[in-house]
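Residue numbers (this note's numbering), protein chains in the order written: chain A, 1 to 137; chain B, 1 to 137.
The beta-carbon is built from N, C-alpha and C at its ideal position, and this holds for glycine as well.
Step one of this worksheet: look at the structure below.
2 protein chains.
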Amino acid sequence: MPRRETPRRKPAPRSPCPVACSLDLLGDKWTLLVLRDMILFGKQRYNQFAESPERIASNILTDRLQRLEKQGLIVSRKYQDHPPRHEYHLTRAGADLLPVLKELVIWGGKHIAGSFQPTPAMMRKVKRDLNKRMAGG
Amino acid sequence: MPRRETPRRKPAPRSPCPVACSLDLLGDKWTLLVLRDMILFGKQRYNQFAESPERIASNILTDRLQRLEKQGLIVSRKYQDHPPRHEYHLTRAGADLLPVLKELVIWGGKHIAGSFQPTPAMMRKVKRDLNKRMAGG
């Protein structure tokens, strides 16, 4: 008999504040790093995320990819059948996090010692590349 | 004999990426809400934070205020001796998180159902009020 998935109730938002609502989805140390890999670097595959310098643990990566898909920020597409392999693509809601990442980049680069600070030209290139990817589907 | 505080080593940053560095400090569900209360609403006192609609637990609030002070995003000033009571003020590094919050507000308001969306005029007033408070010390 196929296993029935237990229906999970979405937890109620803590408040109607858009900061609180956003942090309900993004407020942890890893979610925005997976989205960074997709938005800033165009990564799409599990192994590409796993290779990032922060060395995300595989159980956390799997969990975050599943959550992001449930929340509508990414979609998965199968690109290989045996064994099954998926690629992950940003939705418009996911891609719209670019300005949040950009402000975190500026703030971290300015206020945290040892943090890399990209040039404005690098950030412009990131935006152009993302727009191209989103237009290309 | 006075209790000696165990020296805590700062954990090494996960990478030089400014997003990862920022999330080392801000990547949880509560830190940016305390900063929201200070940056967007001008709150300064423990009871004011505790009254916010998300109902932060008192141990989490105490922990986040201590961490934010250690990290140089806020400073505390005693405003009463018996019993001792502190007010919390933003440093320049803390106040510089306004653009991050602004982008989270825009993103949450656009993409999360039930999330409140402030008008541009409200956001401009927030910025003016914050600039006044930062100039006034």
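Reduced DSSP secondary structure (H/G/I, E/B, other) of residue i
{"i": "S22 (chain B)", "result": "helix"}
{"i": "A157 (chain B)", "result": "Residue 157 (chain B) is absent from the structure shown; chain B starts at 1 and stops at 137."}
{"i": "K29 (chain A)", "result": "coil"}
{"i": "F118 (chain A)", "result": "Before going further, note that residue 118 (chain A) is Pro rather than Phe in the sequence given. The answer is coil: DSSP assigns P118 (chain A) none of H, G, I, E or B."}
{"i": "A135 (chain A)", "result": "helix"}
{"i": "D37 (chain B)", "result": "helix"}
Residue i, buried or exposed, once every other Cβ within 10 Å from all chains shown has been counted against 16
{"i": "T119 (chain B)", "result": "exposed"}
{"i": "G72 (chain A)", "result": "exposed"}
{"i": "Y88 (chain A)", "result": "buried"}
{"i": "G114 (chain A)", "result": "exposed"}
{"i": "K102 (chain A)", "result": "buried"}
{"i": "H111 (chain B)", "result": "buried"}
{"i": "P18 (chain A)", "result": "buried"}
{"i": "A20 (chain B)", "result": "buried"}
Same chain, Cβ closer than 8 Å to residue i, five either side skipped, listed in chain order
{"i": "G136 (chain A)", "result": "none"}
{"i": "V34 (chain B)", "result": "F49, I56, L61, R64, L65 and L68"}
Cross-chain neighbours of residue i in chain B, by beta carbon under 7 Å
{"i": "H111 (chain A)", "result": "A93 and D96"}
{"i": "Q117 (chain A)", "result": "P18"}
{"i": "G136 (chain A)", "result": "Those within 7 Å of G136 (chain A) in chain B number zero; the least Cβ separation is about 22 Å."}
Contact set between residue i and chain A, taken where Cβ atoms lie within less than 7 Å
{"i": "K78 (chain B)", "result": "In chain order: nothing, as chain A lies at least about 26 Å away."}
{"i": "Q36 (chain B)", "result": "Per the sequence presented here, residue 36 (chain B) reads as Arg, with Gln not at that position. Going along chain A in sequence order, the residues near R36 (chain B) (Cβ under 7 Å) are V19."}
Amino acids of chain A, ordered along the chain, whose beta-carbon sits closer than 9 Å to that of residue i
{"i": "K29 (chain B)", "result": "R14, A20, L23, D24, G27 and D28"}
{"i": "L101 (chain B)", "result": "V19 and E103"}
Beta-carbon proximity list for residue i, same chain, < 6 Å, skipping 5 on both sides
{"i": "G94 (chain B)", "result": "L73 and I74"}
{"i": "G109 (chain A)", "result": "S115 and Q117"}
Residues near residue i in its chain [Cβ-Cβ closer than 7 Å; skip 5 each side]
{"i": "S58 (chain A)", "result": "A50"}
{"i": "K43 (chain B)", "result": "D37 and F49"}
{"i": "R133 (chain B)", "result": "G42"}
{"i": "L130 (chain B)", "result": "I39, A95 and L98"}
Partners in chain A for residue i, counting only beta-carbon separations shorter than 8 Å
{"i": "E54 (chain B)", "result": "R14, S15, C17 and A20"}
{"i": "L32 (chain B)", "result": "V19, L23 and G27"}
Contact list for residue i against chain B, beta-carbon separation under 8 Å
{"i": "L68 (chain A)", "result": "None at all; the shortest Cβ gap to chain B is about 13 Å."}
> Can you list the alpha helix (DSSP H) stretches of 4 or more residues lying completely in the region 39-108 of chain B, in chain order?
Replying inline: The alpha helix (DSSP H) runs of length 4 or more contained entirely in the region 39-108 of chain B are, from start to end of the chain, 46-50, 58-70 and 92-95.
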